[in-house]
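Chemist:
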Amino acid sequence: MKPHIRTALPGPRARAIIERDRRVVSPSYTRGYPLVIERGSGATVEDVDGNVFLDCSAGIAVNATGHSHPEVVDAITKQATRFLHMSGTDFYYDVQVRLAEELATLVPIQGGVRSFFGNSGTEAVEASIKLARYATGRTAIVAFLGGFHGRTMGSLALTASKTVQRRGFGPLMPGVYHAPYADCYRCPVGLTPDGCAAECLEDLEHRVFMQLVSPDEVAAVVVEPIQGEGGYIVAPDQFLQRLRELTRKHGILLVADEVQSGMGRTGRMFAIEHSGVEPDAVAIAKGIASGMPLGVASARTDLMTWPPGAHASTFGGNPVSCAAALVTLKLLKERLMANASEVGGRLMAGLKELAGKHPLIGDVRGRGLMIGVELVRDRKTKERAVDERDAVVNLAFSRGLLVLGAGKNSIRFSPPLVLTKEQADIAVGIFDEALGEVESHAR
Ligand SMILES: Cc1ncc(COP(=O)(O)O)c(C=O)c1O
Numbered sequence: 001m002k003p004h005i006r007t008a009l010p011g012p013r014a015r016a017i018i019e020r021d022r023r024v025v026s027p028s029y030t031r032g033y034p035l036v037i038e039r040g041s042g043a044t045v046e047d048v049d050g051n052v053f054l055d056c057s058a059g060i061a062v063n064a065t066g067h068s069h070p071e072v073v074d075a076i077t078k079q080a081t082r083f084l085h086m087s088g089t090d091f092y093y094d095v096q097v098r099l100a101e102e103l104a105t106l107v108p109i110q111g112g113v114r115s116f117f118g119n120s121g122t123e124a125v126e127a128s129i130k131l132a133r134y135a136t137g138r139t140a141i142v143a144f145l146g147g148f149h150g151r152t153m154g155s156l157a158l159t160a161s162k163t164v165q166r167r168g169f170g171p172l173m174p175g176v177y178h179a180p181y182a183d184c185y186r187c188p189v190g191l192t193p194d195g196c197a198a199e200c201l202e203d204l205e206h207r208v209f210m211q212l213v214s215p216d217e218v219a220a221v222v223v224e225p226i227q228g229e230g231g232y233i234v235a236p237d238q239f240l241q242r243l244r245e246l247t248r249k250h251g252i253l254l255v256a257d258e259v260q261s262g263m264g265r266t267g268r269m270f271a272i273e274h275s276g277v278e279p280d281a282v283a284i285a286k287g288i289a290s291g292m293p294l295g296v297a298s299a300r301t302d303l304m305t306w307p308p309g310a311h312a313s314t315f316g317g318n319p320v321s322c323a324a325a326l327v328t329l330k331l332l333k334e335r336l337m338a339n340a341s342e343v344g345g346r347l348m349a350g351l352k353e354l355a356g357k358h359p360l361i362g363d364v365r366g367r368g369l370m371i372g373v374e375l376v377r378d379r380k381t382k383e384r385a386v387d388e389r390d391a392v393v394n395l396a397f398s399r400g401l402l403v404l405g406a407g408k409n410s411i412r413f414s415p416p417l418v419l420t421k422e423q424a425d426i427a428v429g430i431f432d433e434a435l436g437e438v439e440s441h442a443r
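For the sequence shown, counting from 1, position 183 maps to 183 in our numbering; every step adds exactly one.
(1) Give a yes or no on whether 8 Å exceeds the smallest Cβ distance from Val438 to chain D.
(2) Return the first residue and the last residue of the beta strand (DSSP E) that Leu54 is part of.
(3) With DSSP as the reference, please indicate the residues paired to Met370 in a beta bridge.
(4) Using a Cβ distance threshold of 8 Å, determine whether the segment 79–86 contacts the segment 111–118, with at least three qualifying pairs required.
(5) Following a CB-centred definition, is Phe270 positioned closer than 7 Å to any heavy atom of ligand 1?
(6) Helix, strand or coil for His178, going by three-state DSSP, please let me know.
(7) What's the call for Gly405, buried or exposed, on a 16-neighbour Cβ count within 10 Å?
(8) Report whether the distance from the Cβ of Glu229 to the nearest heavy atom of ligand 1 is below 7 Å.
(9) Please state whether DSSP places Ser239 in a helix, a strand or coil.
(10) In three-state terms, what does DSSP make of Ser28?
(11) First and last residue of the beta strand (DSSP E) that includes Ile272?
(12) What is the C-beta distance between Leu158 and Leu204, in whole angstroms, given that I count them as a contact (C-beta under 8 Å)?
(13) Buried or exposed: where does Asp183 fall if 16 or more other Cβ atoms within 10 Å of its Cβ makes it buried?
(14) Beta-carbon within less than 7 Å of Leu261's beta-carbon, same chain only, minus the 5 sequence neighbours each way: which residues are those?
(15) So the alpha helix (DSSP H) Asp432 belongs to, where does it begin and stop?
(16) Output yes or no for whether 8 Å exceeds the beta carbon distance between Ala285 and Gly40.
(17) Can you find a heavy atom of ligand 1 that lies under 7 Å from the Cβ of Thr122?
(18) In the DSSP output, what is Ser41 paired with across the bridge?
(19) Reducing DSSP to helix, strand and coil, say where Thr155 ends up.
(20) Give the range of the beta strand (DSSP E) segment to which Ser298 is assigned.
(21) Within 10 angstroms of its Cβ, does Asp257 collect 16 or more other Cβ (buried), or is it exposed?
(22) Over what stretch of residues does the beta strand (DSSP E) that includes Ala75 continue unbroken?
(23) Run through the segment 161–222 for me and flag every whole beta strand (DSSP E) of 3 or more residues, listed as ranges in chain order.
(24) Just checking my contact of Pro415 with Ala58 at CB under 8 Å: how many whole Å lie between their CB atoms?
(25) Skipping 5 residues on each side, what residues in its chain have a beta carbon closer than 7 Å to that of Leu419?
(26) Taking just the CA atoms, how far does Met337 sit from Pro70?
(27) In whole angstroms, give me the CA-to-CA distance for Leu156 and Gly66.
(28) If you measure from the CB of Gln165, is any heavy atom of ligand 1 nearer than 7 Å?
(29) Report buried or exposed for Tyr29, applying the criterion of at least 16 other Cβ atoms within 10 angstroms of its Cβ.
(30) Find out if the Cβ-Cβ distance for the pair Ala14, Val48 is shorter than 8 Å.
(31) Give the DSSP bridge partners of Leu401, in chain order.
(32) Mind checking which residues open and close the beta strand (DSSP E) that includes Gly118?
(33) Would Tyr177 pass as a contact of Ala235 if the rule is Cβ separation under 8 Å?
(34) Quick check on Val164: buried or exposed, where buried means 16 or more other Cβ atoms within 10 Å of its Cβ?
(35) With hydrogens ignored, establish whether the beta-carbon of Ile233 is closer than 7 Å to any heavy atom of ligand 1.
(36) Checking the sheet assignment: what are the DSSP bridge partners for Ser410?
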């Protein structure tokens, strides 16, 4: 179904729900535009007023197999009729073991993998932090500027994307240090990508490790192979490779936060695989169960040796979520990961072509169906086009395309991995119109 807008947005039904929401739901959520969903199928979403949208947000990079994929719904229904919950913390059930077995074959770590199950991305990161401290006997954690790792008190201490996410909540977990990320469009050390040897990591080596914390006190470096919330920023392979060498040299664990970049989105099961780097642990959530809540911390078997009671979760590894995850993984392997590569290439080419006619576009980057477009007021100064970005996102919505902002001035395309080439072309077309309209106002 093509996007089709038949009412003013929000329509009357949507307006009524938003009004009720405003009275009783936390205002801390970041709703950029007023979409009130009624139903979804594949990469298409219909709102409560019958308006049809093309979804390039996937509920923040979650609906990997598309909205309500029939095989996923079937697995959920079957599991729901058998039992909904029994707590994997205190009891056993086959579907959780099967998922852990499957992950052990997919997570890019050699020599055996164990998995801890929670309910969300932040819990996957929390578990990784706790495991790293427990396994190494060290306390400090290194993360990167611009990174997003969640909003509970441990992972929030690692998050360094926007101050609004931290403001008013301190003091945060101590012992966390931040280093510059490999943002090649705005290289923190003023170099160009050609010939780059990840010189930005010298800050970690020579400032953090020499002036702030001794590396033998650092339990883990937690890194997003592609920064998500921070702006869809792709770290070059050499950054991750050099980080691996540095962490290995100091006996520090390398934790890949693949909450957003994982589960086939980049055309590989995990984004870190593009660099050939083997992490010690991986944090997984979002796309793994097609929308059912599930977070996983997977780690080398010899690291995950904490004793009974050390870490657990009542709801973690919910059987319905595990059943959804098993089908999701099957669908990713069968076709959707390859589709992410193929259709992602088409979407990327289309967006890069738009850069030829829209001066607002400063950079188009990404892998597979994880693509960011950074908007600037001036390509030379790279002045961030913050208001223009918000306007483009809103205009895209009003024309039937759902995208989300990322970072201060970027737009993320994170569609369901079922997106077709035709839908990619439609997305580019609507984006083109939205950019054109914002640029015409700026003149
Ligand atoms: C890389 C990354 N880590 C962690 C999280 C936190 O996940 P959740 O919102 O499920 O707690 C996110 C969420 O956007 C994320 O993108």
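Each residue gets a CB set at the ideal place from its N, CA and C atoms; glycine is no exception.
Predicted model only: the values in this text are computed from it and were never measured.
Modeler: So, from the listed chains and residues:
(1) No chain D appears in this structure, which consists of one protein chain only.
(2) Val52 to Asp55
(3) Arg367
(4) no
(5) no
(6) Residue state, collapsed to three classes: strand.
(7) buried
(8) yes
(9) Note that residue 239 corresponds to Phe in the displayed sequence, not to Ser. Shown here, Phe239 sits in a helix according to DSSP, grouped into three states.
(10) coil
(11) From DSSP, Ile272 is part of no beta strand (DSSP E); its letter is neither H nor E.
(12) Wrong, their Cβ atoms sit about 14 Å apart, outside the cutoff.
(13) buried
(14) Just to set this straight, residue 261 is Ser in the shown sequence, not Leu. Excluding positions up to five away in sequence, the list reads Glu224, Pro225, Ile226, Gly228, Ala271 and Met370.
(15) Lys421 to Ala442
(16) no
(17) yes
(18) Thr44
(19) Reading off the sequence, residue 155 comes out as Ser, not Thr. The answer is helix: DSSP assigns Ser155 an H, G or I state.
(20) Gly295 to Arg300
(21) buried
(22) Taken as a continuous stretch (DSSP letters only), Ala75 belongs to no beta strand (DSSP E), being part of the alpha helix (DSSP H) at Pro70 to Arg82.
(23) 176–179
(24) 6 Å
(25) Ala43, Val343 and Leu369
(26) 18 Å
(27) 29 Å
(28) Distances taken from the Cβ of Gln165 to the heavy atoms of ligand 1 include none shorter than 7 Å.
(29) exposed
(30) yes
(31) Leu54
(32) Val113 to Gly118
(33) no
(34) exposed
(35) no
(36) Glu374 and Ala406
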